[in-house]
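What follows is a single structure, written as structure tokens, with notes after it.
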Amino acid sequence: MAATESQLPTDPKYDQYDFPTTAPEAQPGHPGHTSPEQDAKVHQLRAELEKLGQTERLDTLTLLRFLRARKFDVEAAKAMFTNSEKWRKEFGTDDLAANFEYPEKEKVFEYYPQYYHKTDKDGRPVYIEKLGKIDLNKMYEITTADRMLKNLVSEYEKLADPRLPACSRKAGKLLETCCTIMDLKGVGITSIPSVYGYVKQASDISQNHYPERLGKLYLINAPWGFSSAFSAVKSFLDPVTVSKIHVLGSGYKKELLAQVPEENLPVEFGGTCACPNGCHLSDMGPWQESEWTRPPKWAAKAADKAADKEGAEPVVQNEDPGYEKKDAEGQEGVQTAA
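Per our numbering, the sequence shown starts with residue 1, numbered consecutively.
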């Protein structure tokens, strides 16, 4: 049966939304555009996860994302969800957004800028990476791969809340995805092996634990031969995914500005935005505007945990015991965590 626009069928036990819940485009399986069969699969998936003892993240929007990622195959979505919950527990994900500190961020960004910055013309957060500047050897003098991944996960958690809800409120429509810009300038064949391990880990985290977050992907300054290579692998990718990817050379400005307002795009990419201290460190967007942002749910959970511990013997918190600072020269040091 074809999907039609309707109100999102919600479960009062898990669904407490204070932002729009209807997707702007009438795509089958998206909130507000589901069929009765798809709604039934949401209920089925939730019931089966409850039988397994799952109690967190069973809201309708989350379950729909996992179901879409597995073509509404309930068993496959259930396996994906349970594997993700296992990973979250092992990785300590629930505490990262509230407690993870990344004081070396500015230094790391000298070699690998990756940041959220304002919104595109659809109201989605814009995420930017400059892959050509990656120098893992120099970065590992500043931080560790583990801390880089923890920062990545912390930012994914903040994308889910408060970034996307704030953008949805401002746009007046449900926004669940990002507009991603990956600058390939400077990327060469010789640099690929050194960064492959980290990039693969980061990609696996994105695909396996944060599904359905890609809205559009612009690969700019693509080197010679990249487009041909990408065309060769298109047949192995989902057509929906392929439609989101735009491979552009050095003449990307016109197409990129058709998606991202000039005033929201950093100057280095052809826009006019020049945030004080740099766009890459500003984290500007609706999630910083009091009219649209709300305290994230993970902050409330962290406060509840702190309240539960009140009166207990104080403990020294260190989210990453493998990270230390050298006191000889005041430089940030690294000791790989066990």
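Even glycine gets a Cβ: it sits at the ideal position worked out from N, Cα and C.
Between residue 15 and residue 242, the alpha-carbon positions lie close to 32 Å from each other. Spanning the alpha carbons of residue 86 and residue 76 requires a straight line of approximately 15 Å.
In the DSSP assignment, residue 284 falls outside any beta strand (DSSP E) and carries neither an H nor an E.
If you keep only unbroken alpha helix (DSSP H) runs of at least 4 residues inside the stretch 194-267, you get 226-233, 239-244, 253-257. The Cβ-Cβ distance between residue 61 and residue 174 falls below 9 Å. The way I'd put it, the stretch 212-226 does touch the stretch 178-187; three or more beta-carbon pairs between them come closer than 8 Å. Boundaries of the alpha helix (DSSP H) around residue 167: 164-171. If one requires a minimum length of 3 residues, the beta strand (DSSP E) runs lying completely within the stretch 120-184 are 125-130, 178-183, in chain order. Inter-residue distance for residue 279 and residue 273 is about 8 Å (C-alpha atoms, whole angstroms).
In terms of CA proximity to residue 56, 88 leads the group 39, 162, 88. Per DSSP, residue 277 lies in no alpha helix (DSSP H) and is assigned neither H nor E. Separation of the CB atoms of residue 66 and residue 211 is rounded to 6 Å, and the pair is thereby assigned contact status at 8 Å. Ranked by Cα distance from residue 208, the options 116, 161, 81, 299 are led by 81. Cβ contact annotation for residue 247 (same chain, cutoff 7 Å, sequence separation greater than five): 219, 222, 226, 227, 230, in chain order. Per the coordinates, the alpha-carbon of residue 19 lies some 29 Å from the alpha-carbon of residue 308. Per the DSSP secondary-structure output, residue 115 pairs in a beta bridge with 128. Rounded to whole angstroms, the separation of the alpha carbons of residue 154 and residue 215 is 20 Å. Residue environment for residue 27: exposed (fewer than 16 other C-beta atoms within 10 angstroms of its C-beta).
Collapsing the DSSP output to three states places residue 288 in a helix.
Contact between residue 294 and residue 125 does not hold, since their C-beta atoms are separated by about 16 Å, which reaches or exceeds 8 Å. DSSP places residue 30 in no alpha helix (DSSP H); its state is neither H nor E. If you compare the alpha carbons of 121, 137, 95, 118 with that of residue 111, the shortest gap goes to 137. Between the alpha carbons of residue 50 and residue 84 lies a distance of about 15 Å.
Leaving aside the five residues that flank residue 158 on each side, the residues in its chain whose CB is nearer than 6 Å to its CB run, in chain order, 97.
Secondary structure note for residue 306: its alpha helix (DSSP H) is the uninterrupted segment 297-309. Residue 121 has its alpha-carbon roughly 16 Å from the corresponding atom of residue 270.
Annotation for residue 107: the continuous alpha helix (DSSP H) segment containing it runs 105-108. Counting along the chain, residue 62 sits inside the alpha helix (DSSP H) bounded by residues 60-69.
When the five nearest sequence neighbours on each side are left out, the beta carbons in the same chain lying within less than 6 Å of the beta carbon of residue 30 are those of 23, in order along the chain. Along the stretch 75-103, the alpha helix (DSSP H) occurs as fully enclosed runs of 4 or more residues at 93-99, listed in sequence order. When the alpha-carbon of residue 259 is set against those of 43, 118, 160, 205, the nearest one is in 118.
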